[in-house]
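If you want the numbering used here, it's the 1-based position in the sequence shown plus 11. Glycine is no exception: its CB is placed at the ideal position from the N, C-alpha and C atoms. The structure appears right after this line, and notes come after that.
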Amino acid sequence: MKGVQRGVNAHGVVLLLVVVVLLQKAVLGRPLQLQQLTAVTRPSPKDTAAFARWLVCQSSWGVLSTIASDLGGAPFGNVVSFSDGQPDKGSGIPYFYLTTLDPTARYALKDQRSSLTISEHPIGTCGTKDPENPSCAKITLVGKLTLLDGNSKEAELAQTALFTKHPEMTGKLVFSL
Numbered sequence: 012m013k014g015v016q017r018g019v020n021a022h023g024v025v026l027l028l029v030v031v032v033l034l035q036k037a038v039l040g041r042p043l044q045l046q047q048l049t050a051v052t053r054p055s056p057k058d059t060a061a062f063a064r065w066l067v068c069q070s071s072w073g074v075l076s077t078i079a080s081d082l083g084g085a086p087f088g089n090v091v092s093f094s095d096g097q098p099d100k101g102s103g104i105p106y107f108y109l110t111t112l113d114p115t116a117r118y119a120l121k122d123q124r125s126s127l128t129i130s131e132h133p134i135g136t137c138g139t140k141d142p143e144n145p146s147c148a149k150i151t152l153v154g155k156l157t158l159l160d161g162n163s164k165e166a167e168l169a170q171t172a173l174f175t176k177h178p179e180m181t182g183k184l185v186f187s188l
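Next comes the structure, spelled out in C-alpha cells:
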C-alpha cells in the first residue's frame, strides 16, 4: 500500500483529515501522549487521560463541528465515522474520510478549527442510564482538521485504522495512487 492521495469516488473528492488535539493540559491535566491503549475494559474516570483515550478508541462515530463560513461563522455539527487505530490499540488521534460534497470538509478547508464530541452511551457501558446522566461520559476534542499527505506513513496508518473499524469504507472508495 503506497498511501492515500486525494481520491475520487462517484460522489466527489474524498479527503483524509486528522484532528490535532489541543485540549491536553486544560481538560486532561497533563499532556496527551500518543500511547497505545492496551486495555479494552473501561478504565476509572479518575484517570482522565486513560479514560479519554479509551472513550475515543472504543467509539466509532461522533459529532464533528466546524465553522460555517457561509453562515456567518456559525458552528456546524455533522455526525461522522472515525477511527483512532486498531480496536484495542488506539492512538487517541481520530481519523476521518470526508468528501467536499459535505459542508464539513468544505468548511474545514477554509477554517481548520473544529471539535469532535463523543458520548460513551453508544458503547453500551452506561447501562440504562440516560445519555445526559453525568456518570455517562462525554468528551469534546478541540483542535484543527489537517489534511494528511497521501504518501505519508500516517496516511497509511489512518487508512488501516478506518478500514479496520469501518470495513464498508473499503468497497466504496476509489483512490488515485
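Nearest-angstrom Cα distance between residue i and residue j?
i   : j    : result
R64 : P105 : 10 Å
F87 : K100 : 30 Å
D10 : I129 : The chain is shown from 12 up to 188; residue 10 falls before or after that span and cannot be answered.
Q97 : P114 : 28 Å
Tell me the DSSP secondary structure of residue i in three-state form.
i    : result
D81  : helix
Q123 : coil
G14  : For G14, the predicted structure reports a pLDDT of 37, less than 50, and the residue's modelled location is therefore unreliable. The matter cannot be settled from this model.
T151 : strand
T115 : helix
P86  : strand
G73  : strand
P142 : coil
Below 8 Å between beta carbons: does that hold for residue i and residue j?
i    : j   : result
Y118 : A79 : yes
In terms of residue numbering, what span does the alpha helix (DSSP H) encompassing residue i cover?
i    : result
N174 : Reading off the sequence, residue 174 comes out as Phe, not Asn. Here the alpha helix (DSSP H) through F174 covers K164 to K176.
L66  : T59 to Q69
Is residue i buried or exposed, if buried means 16 or more other CB atoms sit within 10 Å of its CB?
i    : result
V67  : buried
L159 : buried
K176 : buried
S163 : exposed
G135 : exposed
Tell me where the beta strand (DSSP E) around residue i begins and ends.
i   : result
D95 : S94 to Q97
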